[in-house]
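Quick note, in this note's numbering, the sequence shown goes up one by one and the last residue is 249. Glycine included, C-beta positions come from ideal geometry on N, C-alpha and C.
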Amino acid sequence: MAGHSKWAGIKHKKAIVDSRRGKLFTKLARAITVAAKEGGGDVDGNPALGLAVQKAKAASMPKDNIERAIAKGTGAGADTESYDAVMYEGYGPGGVALLVEALTDNRNRTSAEVRHAFGKHGGSLGEPGSVAYLFDKKGVCLVDGQRYSEDDLMPAVDAGAEDIVMDEDVFEVICEPSDLTAVRTALTEADIEVTEFSVQYRPKTTVPLDEEGATKLMKLIDTLEDLDDTDEIHANFDVPAEVLERVAG
């Protein structure tokens, strides 16, 4: 999966830019609201909510915003909102499989926007289950491979990490989604900086792309990420990191 960690890093930089526009906070708040709606407002007893709140704190989201988002999900807030988690599946340029996680209060609107984005950039939206089987759902922590060695990451294994993979100059610490909080905590307590952490759909096989194909794919991904309802995007491309830096950086 050459370049996947590079892509994660690029997305992280884009998120910082988005946060300046307030867009990131809106998406993070929506994720908190949905997690609270589905599993309750107890951060310690609801792993999905705990992860959503951790990501919000990592992005320096104010505490009041987090509490309001939880209240919206549990119905305790005056401005209760109803969002649903929806997964869209399809193929992009070069036959790359994509999973698009969305949080929406209007499925018809979101479906139309996602379908339009796929069609505009040479892709096609598929039926539920059409590409999901190509991915495994995993928790992933990214750690700078130039600052730390694999031996430094052993506390993560003790906390439940299944594998440690080097992608270019980044370590990917992989675990079951339910172990992500424990793994991240173990790394942090060992004074190891986790640069990014998330639940991802990791591809079982990958599709190699040249620079032209990668450019087309990134235009589709950028369009999908710009949609207000999009939460996360996962894809099974294989692109060298230096090419990905040029076309997506």
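| Check | Outcome |
| --- | --- |
| Cut-off 6 Å between Cβ atoms - residues of its own chain near L227, not counting five sequence neighbours on either side | E113 |
| In DSSP terms, what E176 is bridged to | Paired residue(s): none; E176 is not in a bridge. |
| Under 8 Å between C-beta atoms of V170 and A214 | no |
| Expected contact under 8 Å - CB spacing of D85 and V43 to nearest Å | Looking at the sequence provided, one finds Ala at residue 85 rather than Asp. Contact doesn't hold; Cβ gap of about 18 Å is too wide. |
| 8 Å Cβ shell around F135 - same chain, five flanking residues per side excluded | A97, L99, Y201, R202, P203, K204, H234, N236 |
| Buried versus exposed, by CB contacts within 10 Å (16 or more), V88 | Reading the sequence as shown, one finds Tyr at residue 88 and not Val. The residue is buried, with at least 16 neighbouring Cβ atoms inside 10 Å. |
| Straight-line Cα distance separating A71 from G41 | 8 Å |
| Close-in-space but distant-in-sequence residues of the same chain around N46 (CB under 6 Å, 5 per side omitted) | G39, G40 |
| Residues bridged to Y201 [DSSP beta-bridge criterion] | K137 |
| Outcome for G75 when other beta-carbon atoms lying within 10 angstroms are tallied against a minimum of 16 | exposed |
| Rounded separation between L209 and D238 - CA only | 6 Å |
| Contacting residues, own chain, Cβ-Cβ under 6 Å from A161 (five flanking each side not counted) | V173, C175, V183 |
| Segment contact flag, the region 143-154 with the region 105-124, C-beta cutoff 8 Å, min 3 pairs | no |
| Secondary structure, beta strand (DSSP E): runs of 3+ residues fully inside the region 35-68 | none |
| 8 Å Cβ cutoff met for G139 and D179 | yes |
| Cβ shell of M61 (< 6 Å), same chain only, five flanking positions each side left out | F25, L28 |
| Length of the line joining the Cα atoms of V247 and L217 | 10 Å |
| Closest residue to L224 among P240, A117, A241, G95 (Cα-Cα distance) | A117 |
| Runs of alpha helix (DSSP H) lying entirely within the region 115-168, each at least 4 residues, in chain order | 154-158 |
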